Each structure stands twice: as C-alpha cells, then as structure tokens.
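Only one structure is covered here, and it is reproduced in the block below.
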Amino acid sequence: MTESPTRAALREAARPPFLVGALAVGVFVVWAAKDAGFAATTWYPGALFLLGLLAVVLAAYPPARRGIPPSTLVAIAFLAGFAAWSAASIAWSDAQGTAWEGANRTLLYLIVYALFAVVPWRRASIVPLLTSFSVGVAAIGVIEVARAAYGGDPSRFFIYGRLDAPAGYPNAACALYVLAAWPAAYAAVRREVTPLVRGAAMAIATVLAELAVLTESRASLIAVPIAVLVYLALVPARLRALLSVLVVGGTIAAAQGPLLAPYSPLTHRLDATSELHDAVTAIAISAAAVMLAWTAFALVDRRVHIHERFARTLAVGVLGVGVTAALVVAVVFLSGSPGRRIQHAWHDFRSGYPAATSSSSHFSSGLGNNRYDFWRVALDEFRDRPVAGVGADNFAEDYLAARKSSEEPLYPHSLELRVLAQTGLVGAALFAGFVCAAIVAAAGRFRSRDVVAGVTRAGLAATAYWAIHGSIDWFWEFPGLTAPALAWLGIAGAWRDSGASRAVEGVRFRRVTPVVGTLVAAALAASFALPWWSAALQNRAARTWRSSPASAFHDLHRARQLNPLSPDPDLIEGAIASRLDQLGRMRRAFRRALGRDDHLWYAHFELAVAEAATGRRRSALALLEQARLLDPRETTIRTVRSLVLARKPVDRAAIDRLFLERVRGRIGR
C-alpha cells in the first residue's frame, strides 16, 4: 500500500534531530505559560535542561559536530564573549547578585542560539517546529482569556484594563502573541501546505493578533507596522505574504469593538463580565470564520495557477497602491502643522503617565510614560563607565538615586541601552558582532524560495519584531520571549537544502573539545543550579514563615550559603524577623544585606526602624539619611525621620502594609 504524501512528509519531519527541537520548543511554551519565564525559579530549570540537551546533541549526534559554518561559529563566539563579559562584570558591579543573575540569563541565550544554530535540521522539520510554538502560545492565550471571562476574577489576568496574561506584564504579553504569529501567518499562504492546515494556521495567526489587541500595547502601534515591512521584505512570495497581513488586519478591524470594550469597565473597576464574554465570542467567531473561509480559498488556490507575469504585474500594482497611500498620509501629516504635532508628542512622551484618563482605550491615552527618565539615567550610567559598564542588570539602584518619577523599574526598558550602560563599549561591540555575524549566517540561506525558506524567514521577521519592540521595553529579561527569538535566528543559519547533511564544510571539532566541553558544561550547570536552589529556598521561606519560622530561617541560611552574592535571603529574613518582633535578628539580617550591597536604601531604612525601636535614635537618623541619599524621592523615609525626631514610635506593620499596597498599585506599568 502506497504511503500518502502527507504521512510521508510527517515521517520525514519527525526524523532526528526533530526531537531535539521539539523538546526545546516545549520549554519555550512552558515558559510562555509561566509569566514568559521571568521568575528565576521558572527559567533556571529550563536553562539546565537546555544545557543538558545541547551537551547530549554535541556528544551523541555526530552531524552536529561536523563542519559548523564559519559565520555561525563567529556568531557563537561573539555571543559567548558577550556572555563572558557579562559574567566578568560581576567583579565591578554594585549589586553583584543581580549581575550574576543577569550574566546567567545571557548564558542561557547563548545555549539557545548555539543549540539551534549547530544542529543540522532537516528541511521537513522547520515548519512544524516554528508553527508548534504558534499553536502553543495561541492555546495558552485563549485559555487565559476564557478564564478571565468565565472564572469570576478578571483582575488576575488584566491590569489597568489591559490583558497581561500569561506574561504578567501587558507589553510582554503583546510581544509574546505577536512573536508567535509570523510563522503561522506565512505557512497559511503557501500552496505546499494542505488546505485544512492552511485554514488552521490563518485562524491561529488571527487569534494571536486579537489577543495582542487585548493587551493594548501602545508601542505595538509603531513596532508592528515596522515589523510588517521587515516581514514583507524578507519572505518570498510577498504578494501572498501581504494577503496574510490583510486578512489578519481586516479581521481585527471587524472585531475591534468587542476587543477594546473590556478596557473601560476594567479600568474603572466595574463589572466587565458582559464585555469579556463578547470579546471571547468575537475571537471564537472570527477564528472559525477565518478558518472556514481560508480553507475554502486554499482549495481553490490549489487548483488555480496565476501566470507568473500576471503575478508580477499585480505585485507592482499593489506596491504602487501602497506607495500612493503612504504619500497621501505624508501629505496629510505635513499639511497639518507637523512641527507642532511632533512637539506636542515629544512633550507628552516626556511628561510621564497622566494622573487620570477618560480614554476608552489605552491605545488613545497619549504617549505619556516614564521611559524618557529611565533612558536618561541609563545614559548617565554609560557616561560614568563608558568602557566596562556598570554591570549586568545593574540599573535599579542607580535609577532610585537619580529618578524624577515615582516608578521603581528594575531595567532600563531598552535593549540597546541595557547593553551599552551595563556592559559598556566592550559589551556593545561584542553584542553588535554577534548580531552582524548571525545575520550573515542567516542571509546565506536566502537562495531557496519554498515554504521552508519562507517560514524560516518569517521566523526572522519575528526576531526583528522582538528587537524593534524590545528597543523600548525590557523583553531581554523574559526568556519566554528572547529564547524563541534567538532560536529562530539560529535555525535560519543552520538548516541546509540537503536534509541533515552539511552543505558547507566549516570548522571541525578536535579531540580536546569533549574535555573542555565537559568542564564548561559543569561550570554552567553549577552557575545555574546554585542560585536556582537558593531562590527556591527563599520562596519556601516566604510561604512557610508564619507556620514554621524556625524552618524558614533555616531555609534562608542555606539560601545565603548557596548564593553568597545576593542580599535577598537576608532582606527576606529581616522582613520576617520584623513581623515576628525579633529585633535582634532583624538588625543582624539587614546588616548582612548591606555587607553584600551597601546601595540598598530599603536595608538602610529597615535597619533604621530597628535602631529606633531599640532607642538608638542617633544611629537611626544616620541610617535614614543614608537611605534618603540612595532614594531621595521615597516619602516614607521622611515620615519615619519625623517620627524619630519627635521620639514617637514607628509602626512597622503599617509600613509593611504601605509597601505592599504600593507594589500592588504599580504592577503592570
């Protein structure tokens, strides 16, 4: 009995090394479902798994060791250099524990890129690998929105009227959905794909785009159109690719009413059950309609072949219409006092978040935010240490000391400024070298124009979108976003036209490689495992201290030993001791924290509170002054100082409640 072409294609796609990619993509999907992998206790286990996967591939799969193309090897070398420089920055960082975590995150991305760049993927495996991530993210998003609509508590999934699930941050959630949409959208337009799969792929791309609309990310209004242009520039069969953009965009336009409706009631803390139900219904109906219509179109498309000359003429006509539309928009803009508009937009951007807004959508709430202030401080960091940088992920403390806003961001909200300020010119040169070499490696595979090449380039468009949107946000710190973006960049330079064989004979591994590789893998595993175990113990202590304080303190002692660079175990111990009225333990814990990082205003502040409670007014006032210098805009410091000067007691429980409410109020910004 003759095997069907579809079954034969699936069998070919599932041959080695497909399982390697499937396991890695599975990790990406798990991260996506868990706050996009932001928490250390989430991404460290995945990092260890991917490290083991890379080690097994290099040791047990000979094709992965044969002839790595020079451009790919150069890209890996530059990224390894950037990771090593990030690790070296621990030595001169003020917050060394934070720098260690930042360096480990960069090492994770090195592992991801190397894994996808060195494996000689079979052509048949590429489309299933990239689109499986699209399917997984779409399923997660639909489940999250359905839980918000029918689970009774939308605040677990929306913040300030914006969908933040599953990333826990609306802009990151938007990026996750948009990142996953590109490969599915392109697979839907190619004749080589079966009609039913094409219909499903277009429906998935549509659902992902609609979920992105629910996040109401204002930056996406700029990042997505630019990414669309990159997408159309990269992929073959551009007219077909444009058709996918028009279908998704048209569906969003038709469903925008129900998709934007939940924002207003959720923002004003009103019942939004009806609006959420309508949004879910709109997504379901549009997905079903797109799938049916596009499947029908695919059946016709399979039988009707347009002459190549006519297709070119049509493409030129569409390009002409696009250019004309762009010119019309430019004329309208230039005829309406563009200078005044730009000046108003710039002032709006610099002015911070508005105190209140009556807008029915976050999209139309203006440009106000605090990024200008974040970037100002990041540039100041670069001016202070232009060569080496201030250290990986060392931004939060510097910002508190120089901020002009009420926010307390951990990161500078810009990939470029993160690299420049935290790793200096050396790190910037290494990272730029990686980007250039990776692009060269990927560009060398642009000869083919079939569906595999198209989906691969759609993955590159997804990477480009991540970079564009990440230029004004902190996506680097979300492995659920950055790992797939770098994986698609790596896979673009890894696959070959001849199945699993290498078309380019590059650098071969020597006998010394297993020994060196084993030592490097062991060092990386230790660097991941120790802070992961420490973070897990800290989380357990935070959960169990009320019922078993002795066990909690023991966990924190072990956490401190496992991660000797981080002050976090001592900060948690000091906070617990304060709640238990163990002032001696509280003072010792916060002093140990300051021994690891003396730029922590909170440790100075809490130690001052403990000193005041034991009658040491002079010491308390000195510590409060130090806390004020580290965070001049912190109003609680002035409040406590006035109480100490007046010889009045400080209510530690009230301070704890104040900090808790402040954190709850700031989540999502």
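Be aware that the sequence shown starts at 455, since it is given in this note's numbering, and climbs by one per residue.
We treat Cβ as the ideally placed atom computed from N, Cα and C, and that holds for glycine.
These numbers were taken from a predicted model, which means no experiment stands behind them.
Spatial distance of Ala626 from Ala490 (CA atoms): Spanning the two alpha carbons is a distance of roughly 8 Å.
Distance between beta carbons of Arg616 and Glu555, contact taken as under 8 Å: Rounded, the Cβ-Cβ distance is 27 Å, inconsistent with contact.
Helix, strand or coil at Arg1072 according to DSSP, with G and I counted as helix: The three-state secondary structure of Arg1072, taken from DSSP, is helix.
Phe612 in three-state terms, based on DSSP: In this structure, Phe612 counts as strand in the three-state DSSP scheme.
Val841: first and last residue of the uninterrupted alpha helix (DSSP H) it sits in: Neither: Val841 is in no alpha helix (DSSP H) and is coded neither H nor E.
CB-CB length for Leu700 against Pro716, believed under 8 Å: About 26 Å separates the beta carbon of Leu700 from that of Pro716, a gap too long to meet the 8 Å contact definition.
Whole-angstrom distance between Leu512 and Arg872, CA atom to CA atom: Taking the Cα positions, Arg872 is about 32 Å away from Leu512.
Stretch-stretch touch, CB-based, cutoff 8 Å, three pairs: the stretch 652–665 with the stretch 625–640: Yes, since at least three Cβ pairs between the stretch 652–665 and the stretch 625–640 fall closer than 8 Å, the two stretches touch.
Backbone secondary structure at Ile530 - three-state DSSP: Note: Ile530 maps to helix in three-state DSSP.
Nonlocal neighbours in the same chain, by C-beta distance under 6 Å from Arg1095, ignoring five residues either side: Short of 6 Å from the beta carbon of Arg1095, and not among the five residues preceding or following it, lie these beta carbons of its own chain, in chain order: Leu1078.
Assigned exposure category for Gln992 - 16 Cβ within 10 Å defines buried: Around the beta carbon of Gln992, a 10 Å sphere encloses 16 or more other beta carbons of the protein chains shown; the residue is thus reported as buried.
Through-space distance from Ser540 to Leu973, alpha-carbon basis: Approximately 19 Å, taken between the alpha carbons.
Contact set for Ser579: own chain, Cβ-Cβ below 7 Å, skip 5 residues either direction: A distance below 7 Å between beta-carbons, with the five flanking residues on each side excluded, links Ser579 to the following residues of its chain, in chain order: Ala467, Phe472 and Gly475.
4 or more residues per run - each alpha helix (DSSP H) lying fully within the stretch 712–758: Within the stretch 712–758, the runs of alpha helix (DSSP H) that reach at least 4 residues and sit entirely inside it are, in chain order, 717–721 and 727–757.
Under the three-state DSSP convention, the category Leu864 falls into: Collapsing the DSSP output to three states places Leu864 in coil.
Endpoints, alpha helix (DSSP H) assigned at Ala603: Arg577 to Tyr604 is the span of the alpha helix (DSSP H), which, as asked, contains Ala603.
Same chain, Cβ closer than 6 Å to Phe1044, neighbours up to 5 away in sequence not counted: Only Gly1028, Ala1057, Glu1060 and Leu1061 meet the Cβ criterion.
Three-way DSSP call (helix, strand, coil) for Leu926 in this model: Per the sequence presented here, residue 926 reads as Ile, with Leu not at that position. Ile926: coil per DSSP, three-state reduction.
Contact check, Ala553 vs Leu1019, beta carbons under 9 Å: The answer is yes: Cβ separation under 9 Å.
Inter-residue Cα distance where the pair is Ala592 and Ala687: Between Ala592 and Ala687, the C-alpha separation is close to 25 Å.
Sub-9 Å separation of Trp942 and Thr936 beta-carbons: Pairing Trp942 with Thr936 gives a Cβ-Cβ distance that is not under 9 Å.
Anticipated Cβ contact below 8 Å, Pro863 with Ala875, distance rounded: Actually they are not in contact, since the Cβ atoms of Pro863 and Ala875 sit about 13 Å apart, beyond 8 Å.
Candidates Leu630, Leu562 and Ser525: closest to Ala486 by CA position: Put simply, of Leu630, Leu562 and Ser525 the residue whose alpha carbon is nearest the alpha carbon of Ala486 is Leu630.
First through last residue of the alpha helix (DSSP H) which encompasses Glu1088: According to the DSSP assignment, Glu1088 belongs to no alpha helix (DSSP H), since it is labelled neither H nor E.
Cβ-Cβ separation, Pro516 to Ala895 (assumed contact under 8 Å), whole Å: Under the criterion of beta carbons closer than 8 Å, Ala895 and Pro516 do not qualify as touching, at roughly 21 Å.
The stretch 497–514 contacting the stretch 561–571, beta-carbon criterion three pairs below 8 Å: The stretch 497–514 makes contact with the stretch 561–571, as at least three CB pairs between them are under 8 Å.
Whole-angstrom distance between Val689 and Phe849, CA atom to CA atom: Cα to Cα, the separation comes out at about 38 Å.
Pairwise C-alpha distance: Ala1066 and Pro608: Between Pro608 and Ala1066, the C-alpha separation is close to 42 Å.
Backbone secondary structure at Leu1054 - three-state DSSP: Coil at Leu1054, not helix or strand.
Option nearest Ala709 by Cα separation, candidates Arg692, Leu683, Ala1108 and Val744: Checking every option, the nearest Cα to that of Ala709 belongs to Val744.
Pick from Leu662, Gly1049, Phe836 and Arg1092 that is closest to Val1063, judged by C-alpha positions: Ranking Leu662, Gly1049, Phe836 and Arg1092 by Cα distance to Val1063 puts Arg1092 first.
With 16 other Cβ atoms within 10 Å as the buried cut-off, status of Thr877: Classification of Thr877: buried, given that the 10 Å Cβ count is 16 or more.
Opening and closing residue of the alpha helix (DSSP H) in which Thr1184 lies: A question about residue 1184 goes unanswered here, because the residues of the chain that appear run from 455 up to 1123.
Helix, strand or coil at Leu617 [DSSP, three-state]: Leu617 falls in the strand class under three-state DSSP.
Alpha-carbon to alpha-carbon, Leu1048 and Arg1106: Looking at the two C-alpha atoms, the distance is approximately 20 Å.
CA nearest to the CA of Val481, picked from Ala977, Tyr498 and Arg1101: That would be Tyr498, whose Cα lies nearest to the Cα of Val481.
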